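Student: Residue numbers (the numbering used here): 12 to 244. By construction, the Cβ of each residue, glycine as well, lies at the ideal position given by its N, Cα and C atoms. Predicted model, so just to flag it, every value in this text is computed and none were measured.
1) Find the nearest neighbour of residue 179 within the set 169, 186, 188, judged by alpha-carbon distance.
2) Taking 8 Å as the threshold (C-beta atoms), are residue 132 and residue 62 in contact?
3) Can you grab the Cα-Cα spacing for the pair residue 66 / residue 53, in whole Å?
4) Specify whether the region 97 to 113 and the region 12 to 29 touch according to this definition: at least 3 beta carbon pairs, one from each stretch, less than 8 Å apart.
5) So, for residue 166: in the same chain, excluding its five sequence neighbours on each side, which residues have a beta-carbon less than 7 Å away from its beta-carbon?
6) Could you tell me which residues DSSP pairs with residue 225 in its beta bridges?
7) Nearest to residue 175 by alpha carbon, out of 151, 191, 181, 192?
8) To the nearest angstrom, how far is the alpha carbon of residue 18 from that of residue 88?
9) DSSP state of residue 236, grouped into three classes?
10) Please state the DSSP three-state secondary structure of residue 186.
11) How would you label residue 204, buried or exposed, when you count the other beta carbons within 10 angstroms and need 16 or more for buried?
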């Protein structure tokens, strides 16, 4: 095995917690009382707006989070300037920063043994976000859907990542939290797949396309490092 392709959102930044669950936790923590279905509609609405809008370019993760929270609040009819928004924003950003800090040593170790890449449905600022969190030096390839004009679950975006890493599917691992967007297309192409089964509202009826199912990125090392050792023998 020569390469590892990671998803970013819900994988590297939250260690398996789907972003709707991540946001919802801060609504609960800060006492913002809204219906779950209304929240889900607001969450999906701002995600669609950001995905279909102009590239965010050099926009930081912090500012991206601000736009997401603000877009949700607006759709939920919450008062403009609600002081809870800033508190939720700061707490959420601090949490993500800590999760990424904990993931960084793993990425560093893997980068010494594999070619690493990210394939993400993002907003045009994946590269800027990786620089913000000092992750960019771990990855040879960053494939941002808003930049390349392809979105998961289209297998072509994963194929592009493999091509940029100069590896065949049989030589690559795919790691992601979304079974439908990461694992199914990865397996379809012939990659070895690791499904990060974290916290999410729905579970797929079948998980046959996952070669491995893990509960945390902490479990990646025990699976991938033996493959790296085998590679150099």
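Tutor: This is what the structure holds:
1) Ranking the options by Cα distance to residue 179, first place goes to 169.
2) yes
3) Distance between the alpha carbons of residue 66 and residue 53 is about 21 Å.
4) yes
5) 196, 199, 200
6) The partner list for residue 225 (beta bridge, DSSP) reads 207.
7) Taking only the C-alpha atoms, the option nearest residue 175 is 151.
8) 32 Å
9) helix
10) Residue state, collapsed to three classes: strand.
11) buried
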